[in-house]
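Numbering follows the UniProt record's numbering, in which position 75 of the sequence shown is assigned residue number 75; successive positions increment by one, without gaps. A quick write-up on the structure given underneath.
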Amino acid sequence: MHFDARTQRALREAGLDADAIAAASDRVAELVDEDADRLREFFEPAGPYHSDMETAHSTAERQEHASADVDLFTHGSDLRGYLSLDGWGVPVEGGRVLRTAETGGVDGGSGETAGDGEGEGGDADEVPVLVELSLGATVHDRVRFARDPDEL
């Protein structure tokens, strides 16, 4: 179980028994695994990728990255890994899908905003169009990535 002692206590005080807490813990781990899969799916095709990352060598609000590759692993509620961009890399300390678009349909899908990830079912007809990664050392920031710069 990945809930810390305080969280477990609060859940017990809210009326959950040990089995319900364990089930909630398992569900959180499943959702993190689903997010990791969707983030991998986003970075799977060849670039370019666009981000709102601040860089020392550019004054542009949006950066274009010719290539990107993400290697992620999960443990409980943790999503970690490494992002490689254009020949350099940075640790990933978290991430989530912010918006998806339907792959089918006449208009190509207008997308949905998933502010806190609730309601995300990982539907096979939806693809991530805007994601956010919490990046570690050298960046220390939340950075949004999109295939289309207008999504940023």
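In this text, a Cβ means the ideal position worked out from N, Cα and C, and glycines have one as well. Owing to the predicted nature of the structure, the values given are computational and were not obtained by experimental measurement.
Next on the checklist: Quick check on the DSSP output: the beta strand (DSSP E) that includes T55 runs from which residue to which?
Outcome noted: No beta strand (DSSP E) holds T55; DSSP gives it neither H nor E.
Checklist entry - Going along the chain, which residues of its own chain have a beta-carbon closer than 6 Å to the beta-carbon of G94, five neighbours each way excluded? => result L79, S134
Checklist entry - Taking C-alpha atoms, which residue in S58, T100, V143 lies nearest to D125? => result T100
Next on the checklist: Please state the DSSP three-state secondary structure of F43.
Outcome noted: helix
Checklist entry - Is the beta carbon of A29 less than 9 Å from the beta carbon of F73? => result no
Checklist entry - Any idea what DSSP makes of S77, helix, strand or coil? => result coil
Checklist entry - With a CB to CB cut of under 6 Å and the five nearest residues on each side skipped, what residues in its chain are close to V139? => result V90
Checklist entry - What's the C-alpha gap between G87 and F42? => result 19 Å
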